[in-house]
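Have a look at the structure below before the remarks.
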Amino acid sequence: MRVIPVLDLQAGRAVRARGGTRGEYAPGPSVLVAEQRTGDAVALARAFRRRLGCDECYVADLDGITGGHPQRALVRSLARTGVRLLVDDGTADPEHARALLSDGVERVIVGLETLPDFDALPAIASAVGTERAVFSLDLQNGRPKLSLGARHDGSPGALAHAAVAAGVPALLVLDLARVGSGAGPDLSLVGELRRAHPTLELLVGGGIGSRADLERLADAGCNGALVATALHDGRLGRQDLEAVRRRVAHPSDSRYVAD
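If you're matching positions, the sequence shown starts at 1 in our numbering and goes up one per residue.
Put into structure tokens, the structure is as follows:
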């Protein structure tokens, strides 16, 4: 199973996320970089690769997600570190998705939180190439987090099914209420989704705070786990991540290969 570090970007800085309360996010210390580099997203991306051996990074551009200007210059700088980026910046149309690829992004995340209509998903996937598209099932305390005026609703399972039916082969389950809590992921939902979609690439984020959490996700058939706080405070280190990478619990556990 892959372990994918997370960068939350806000106003040009990397911030520490907790519970989805974005107004309270702020740069924080990390054992991965020197104190004077606190909030330096590029330094953190380099540390993810050098110190943790991670060649992927999930980036949440909170400016873009909340309706502001996407931080494209910073994303381009992150891409130049050599870390493969999975980026959610509120993308909801093919043109914006293609622009992300031109900035060096490897995979485009389309989030439920900012998706106005599921009809947009096939067009986005076609624009970037199906294997580069990921649907983020955004939740808050287990409930779907929908965009204002969204023309869809339903249970997490029903929305996941709609994304798969739209042709997206990868799903990220992200519960914002669990982010930064260390409370662990929702293994029941992970198991439900894996049983319903046995060949789907399944990524999970929110609440992962220990090696045991990672092992349980691998055993539940998860292909990748998004982690932030536990990396910054040192609860998870390179030895833990390498052990988990060797733990392959499902035949669809494969690494994305760029064209």
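All C-beta atoms in this analysis are idealised placements derived from N, C-alpha and C, irrespective of residue type, glycine included. Since the structure is predicted, the reported quantities are computational estimates derived from the model, not experimental observations.
Worksheet item: Hey, quick one: how far does the alpha helix (DSSP H) through ILE124 stretch, first residue to last?
Response: 120-128
Discussion item. If you follow the alpha helix (DSSP H) that SER136 is in, where does it begin and where does it stop?
Written reply: Premise fails: SER136 lies in the beta strand (DSSP E), 133-140, not in any alpha helix (DSSP H).
Worksheet item: Does any C-beta atom of chain C lie closer than 8 Å to the C-beta of VAL75?
Response: The question asks about chain C, but that chain is absent: this structure has only one protein chain.
Worksheet entry | Straight-line Cα distance separating VAL134 from SER147 | 17 Å
Fill in: Where the alpha helix (DSSP H) through ALA228 begins and ends
Neither: ALA228 is in no alpha helix (DSSP H) and is coded neither H nor E.
Item to complete: Using beta-carbon positions only, say whether VAL227 and VAL6 come within less than 8 Å of one another.
Response: yes
Worksheet item: For the candidate residues GLY67, LEU171 and PRO27, whose alpha-carbon lies nearest to that of THR199?
Response: LEU171
Item to complete: Apply the 10 Å Cβ neighbour rule to ASP55 and answer buried if 16 or more other Cβ atoms are within range, or exposed otherwise.
Response: exposed
Worksheet item: Between the C-alpha atoms of LEU86 and GLU106, what's the straight-line distance to the nearest angstrom?
Response: 6 Å
Fill in: Straight-line Cα distance separating ARG51 from MET1
18 Å
Worksheet item: If you draw a straight line from the alpha carbon of VAL75 to that of LEU62, how long is it in whole angstroms?
Response: 12 Å
Worksheet item: Is the beta carbon of GLY53 sitting closer than 8 Å to the one on LEU241?
Response: yes
Fill in: Proximal residues to GLY28 (C-beta, below 6 Å), its chain only, five neighbours per side dropped
ARG16
Fill in: Helix, strand or coil at GLY157 [DSSP, three-state]
helix
Fill in: Stretch-stretch touch, CB-based, cutoff 8 Å, three pairs: the stretch 21-41 with the stretch 231-239
yes
Worksheet item: With 16 other CB atoms within 10 Å as the buried threshold, where does ASN223 fall?
Response: buried
Practice prompt. Could you round the C-beta distance between VAL173 and LEU137 to whole angstroms and report it? I think they count as a contact, below 8 Å.
Written response: 5 Å
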